[in-house]
Amino acid sequence: MQDCYILFRPRNPASLPNTRDCVARLADMQRRGALDEADVESCFTPAQRAYFRKLTAEEMKRYNALWFATPLPQRHSADMPQPPWDFGSFVDALANGEYEIGGVTGDDAHPALSFHPFAYPYGGTGSLVALIECLGNEIVGMDDGTGLSPYRPVPRWNPDTGNT
Numbered sequence: 152m153q154d155c156y157i158l159f160r161p162r163n164p165a166s167l168p169n170t171r172d173c174v175a176r177l178a179d180m181q182r183r184g185a186l187d188e189a190d191v192e193s194c195f196t197p198a199q200r201a202y203f204r205k206l207t208a209e210e211m212k213r214y215n216a217l218w219f220a221t222p223l224p225q226r227h228s229a230d231m232p233q234p235p236w237d238f239g240s241f242v243d244a245l246a247n248g249e250y251e252i253g254g255v256t257g258d259d260a261h262p263a264l265s266f267h268p269f270a271y272p273y274g275g276t277g278s279l280v281a282l283i284e285c286l287g288n289e290i291v292g293m294d295d296g297t298g299l300s301p302y303r304p305v306p307r308w309n310p311d312t313g314n315t
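Each residue of the sequence shown is one higher than the last, beginning at 152 in this note's numbering.
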């Protein structure tokens, strides 16, 4: 299958070298089959780790109430708010995704995270989007194997407010 990519824009130009370095380290860990939570955690600052959140039992109960109260067609649509990524689930998705992380390509004005799916469908780009966003970048477009399209952010459920 063809190489795919996620186009992004750094919110702060100083974050791009860190993004390149972190993605290169994770790609190397993935190729070696060594993506474990402790090693992956070392790639991120505490501020970057704050992007991830493990829901408490009470928060999960509130999210499940929202999930089951939502009509079925909407529940399985792109408009259904999703809970934040848990760090362990993020690492597991990177380790077991059916793709190889290529690295950050392009110049400073037009960077992209490249990845090579082993087949289609390959499980989605959610963990790769989380990777780029947690490093302080904004996703602007992606080619996930179906052609380049503008990025439409997934609504995120906020455990503190119960809203998106």
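Glycine included, each C-beta is placed from N, C-alpha and C at the ideal position.
The Cβ-Cβ distance between GLY287 and SER193 does not fall below 8 Å. Between GLN199 and LEU245, the gap from beta carbon to beta carbon reaches 8 Å or more. As the crow flies, the alpha-carbon of ASP259 is around 17 Å from that of GLY253.
Rounded to the nearest whole angstrom, the C-alpha separation of ARG162 and ASN169 is 13 Å. Per DSSP, the beta-bridge partners of PRO301 are GLY292. Judged by DSSP secondary structure, LEU158 falls outside any alpha helix (DSSP H) and instead within the beta strand (DSSP E) spanning 155-161. Comparing C-alpha distances from VAL174 to each of GLY298, PRO306 and GLU284 shows the shortest one belongs to GLU284.
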